[in-house]
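**Q** Mind looking over this structure? Questions follow.
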Amino acid sequence: MHIDRVAARPVADHVQHLIAQRPHLPVTVIARRAGVAPSTLKTILTDARRRPDRARTVDRATAVRLLAVVPDDLPHRDRGYGGRSTDATAACRHVSELLTTHPHLTQAALARAADISLTTLAAALHDVDAGRPRRIQAAAADRLLALGNRTPVPEPTPRRSDTVDAHQVVSHIRALQLRYDRASVAFIAQTAKVNPSTLTSALIDQQRDARRGISADIARRVLAVHELPPPAFPHRAHVTDTGLLRRLRAMCAAGWTLHAIAQAGATTAKSLTEFAKTRTSTPAVRGAILTAWAQLSHQQGPSPHAQRRAAAKAWDPPLAWDEHSIDNLDTTPNGTRRPGFPQRWDSSLLQHELAFLTRLGLSRPECFHRLGLSTQRARQLLTPPPTSPQTHHTTAA
111 MHIDRVAARP VADHVQHLIA QRPHLPVTVI ARRAGVAPST LKTILTDARR
161 RPDRARTVDR ATAVRLLAVV PDDLPHRDRG YGGRSTDATA ACRHVSELLT
211 THPHLTQAAL ARAADISLTT LAAALHDVDA GRPRRIQAAA ADRLLALGNR
261 TPVPEPTPRR SDTVDAHQVV SHIRALQLRY DRASVAFIAQ TAKVNPSTLT
311 SALIDQQRDA RRGISADIAR RVLAVHELPP PAFPHRAHVT DTGLLRRLRA
361 MCAAGWTLHA IAQAGATTAK SLTEFAKTRT STPAVRGAIL TAWAQLSHQQ
411 GPSPHAQRRA AAKAWDPPLA WDEHSIDNLD TTPNGTRRPG FPQRWDSSLL
461 QHELAFLTRL GLSRPECFHR LGLSTQRARQ LLTPPPTSPQ THHTTAA
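Per this note's numbering: the sequence shown = residues 111 to 507.
See below:
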């Protein structure tokens, strides 16, 4: 056996003991506490389970870190970190003061100095700043409070060679947020496959000290994001709260429940109900309704109850509104047409709807499916009726 490697079986048995003591915890929590990559720990456990008779080895440093973890180091469902957690408010306020009085400091530097993860520190600072309760390990809180007192504050360090100027990344994120509703930093980070806490901390550090850089890999990933997927939605300056309310009511009139609309828009029915009462939208509600409208407005909903309720309130269905004028306060509905009723279609109406859906990028078959029409019925509507031949009568002389 190589001198830098040791048997993996005792390590796997120890981790299994930790799992038995904290069955509700994912393996990644144990890995983070030990400072080991989660994939490494999962490999150790998988090999021990699949090949119990085979002698496996593991890096000595990894084994030492994992064997040093005891159950009291891990969160407990009822008592926090083995009963040794504490309110994070005092420690987080101390960290905020250090960040204010020492502009060269970063959250990452303080996290390293206190031997806690950046994600834990960033989440605790965020919750405390928002007035939400937050608990952290008592030992971690003590180490944070000791910074600048018993423990010296980290000295300024030159920018690392693997970092780049963060100004371009900041400008790119702000541009995305101007173009899209529901484009939070966390959502942009997830789209770029970057840890949200890491990106948020980097932006905060750059705001405090413009000289601070950002990881070149993170910058490359974020700058590669030019379009955001749902639930983010392109910002439309002309959309009004009146138009949003009309869209919401129209989808109900087409047979869609609030729950179905909320699911299509990646929001909650409670948020839609609150908007219907206050008639004042937030960017999240605006994006949710527009996303749901693009998916559902040209389909017949499955709920007769929602349709009857909307009819009792005299709400107009989607086809009663034109997309270019639905947000105009002075616009009146065109009629009471509903999608999914073939007997009400005519050639001019179908041509109008096909033009609208084609602009959205749908093919002809997709348009027919969205409108609830069979291909045969659509062709009948689009084909002009044959002209009757004129009959010439001759009169015998």
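No residue lacks a Cβ here, since even glycine has one placed at the ideal position from N, Cα and C.
Distance check for residue 151 and residue 413, CA to CA, integer angstroms please.
**A** Their backbone Cα atoms lie some 49 Å apart in a straight line.
**Q** Could you say if the region 346-362 and the region 373-386 meet the contact criterion of at least three C-beta pairs nearer than 8 Å?
**A** Because the criterion of three Cβ pairs below 8 Å is met, the region 346-362 and the region 373-386 touch.
**Q** Since residue 422 is in the alpha helix (DSSP H), which residue starts that stretch and which ends it?
**A** 414-422 is the span of the alpha helix (DSSP H), which, as asked, contains residue 422.
**Q** Tell me whether residue 456 is buried or exposed, calling it buried when 16 or more other Cβ atoms sit within 10 Å of its Cβ.
**A** Label assigned to residue 456: exposed.
**Q** Can you list, in chain order, the residues of its chain whose CB lies under 7 Å from that of residue 124, leaving out five sequence neighbours each side?
**A** Hits under 7 Å: 176 and 177.
**Q** Rounded to the nearest angstrom, what separates residue 141 and residue 292 at their Cα positions?
**A** Approximately 33 Å, taken between the alpha carbons.
**Q** Taking only runs that begin and end inside the region 334-381, name each unbroken alpha helix (DSSP H) of 4 or more residues, in chain order.
**A** Taking only runs of at least 4 residues, the alpha helix (DSSP H) segments lying wholly in the region 334-381 are 351-363 and 368-374.
**Q** Do the region 411-430 and the region 372-381 make contact, defined as three or more Cβ pairs closer than 8 Å?
**A** In short, these stretches do not touch, since the Cβ pair count stays below three.
**Q** Three-state secondary structure (DSSP) at residue 325?
**A** Strand, per DSSP.
**Q** Measure the C-alpha to C-alpha separation of residue 435 and residue 427 and round it to an integer number of angstroms.
**A** About 15 Å.
**Q** Considering only the alpha carbon of each residue, which of 185, 394, 115 and 165 lies closest to residue 171?
**A** When each option's Cα is compared against that of residue 171, the closest is 115.
**Q** In its own chain, which residues sit with a C-beta less than 6 Å from the C-beta of residue 491, not counting the 5 before and 5 after it?
**A** Closer than 6 Å at the Cβ level, and outside the excluded window around residue 491, lie 455, 457 and 460.
**Q** As a quick exercise: from 390, 277 and 358, pick the residue whose alpha carbon is nearest that of residue 379.
**A** Of 390, 277 and 358, the residue nearest in Cα terms is 358.
**Q** For residue 411 versus residue 367, is the C-beta spacing smaller than 9 Å?
**A** Yes, Cβ-Cβ distance for residue 411 and residue 367 is below 9 Å.
**Q** For residue 486, count neighbouring Cβ atoms within 10 angstroms of its own Cβ and tell me buried if that reaches 16, exposed if not.
**A** Counting Cβ neighbours within 10 Å, residue 486 comes out exposed, since fewer than 16 surround it.
**Q** For the beta strand (DSSP E) containing residue 142, name the first residue and the last one.
**A** Where residue 142 is concerned, there is no enclosing beta strand (DSSP E), although the alpha helix (DSSP H) it sits in stretches over 137-144.
**Q** What are the start and end residues of each continuous beta strand (DSSP E) run of 3 or more residues lying completely inside the region 186-236, in chain order?
**A** Within the region 186-236, the complete beta strand (DSSP E) runs of at least 3 residues are 195-197.
**Q** Quick one, which of 159, 121 and 287 has its alpha-carbon nearest residue 169's?
**A** Checked all of 159, 121 and 287; the closest Cα to residue 169 is 121.
**Q** Can you give, in chain order, each stretch of the alpha helix (DSSP H) that sits fully within the region 251-318 and has at least 4 residues?
**A** Within the region 251-318, the complete alpha helix (DSSP H) runs of at least 4 residues are 277-289, 295-301 and 306-318.
**Q** Between which two residues does the beta strand (DSSP E) containing residue 116 stretch?
**A** Segment 115-117, the beta strand (DSSP E) holding residue 116.
**Q** Considering only the alpha carbon of each residue, which of 203, 481, 155 and 127 lies closest to residue 232?
**A** Considering only alpha carbons, the answer is 203.
**Q** How far does the beta strand (DSSP E) with residue 436 in it extend, from its first residue to its last?
**A** Note, residue 436: premise wrong, no beta strand (DSSP E); not H, not E.
**Q** By DSSP's criteria, residue 169 is part of a beta bridge. Which residues make up the other side?
**A** 115.
**Q** If you run the structure through DSSP and keep just helix, strand and coil, what is residue 410?
**A** In this structure, residue 410 counts as coil in the three-state DSSP scheme.
**Q** Which residue wins for smallest C-alpha separation from residue 432, given the options 465, 401, 415 and 417?
**A** Checking every option, the nearest Cα to that of residue 432 belongs to 465.
**Q** Less than 9 Å separating the beta-carbons of residue 316 and residue 298?
**A** Not in contact: residue 316 and residue 298 (Cβ atoms no closer than 9 Å).
**Q** Between the region 277-285 and the region 223-240, do at least 3 Cβ pairs fall closer than 8 Å?
**A** No: fewer than three Cβ pairs fall under 8 Å.
**Q** Would you mind working out which of 198, 126, 249 and 210 sits nearest residue 240, comparing C-alpha positions?
**A** Selected option, being the one with the closest Cα: 198.
**Q** Closer than 7 Å by C-beta to residue 443: which residues in its own chain qualify, once you throw out the five before and the five after it? Chain order, please.
**A** Counting only Cβ-Cβ distances below 7 Å, and skipping sequence neighbours, we find 426, 430 and 431.
**Q** If distances are taken between C-alpha atoms only, which option among 338, 323, 249 and 304 comes closest to residue 285?
**A** Among 338, 323, 249 and 304, the Cα nearest to that of residue 285 belongs to 338.
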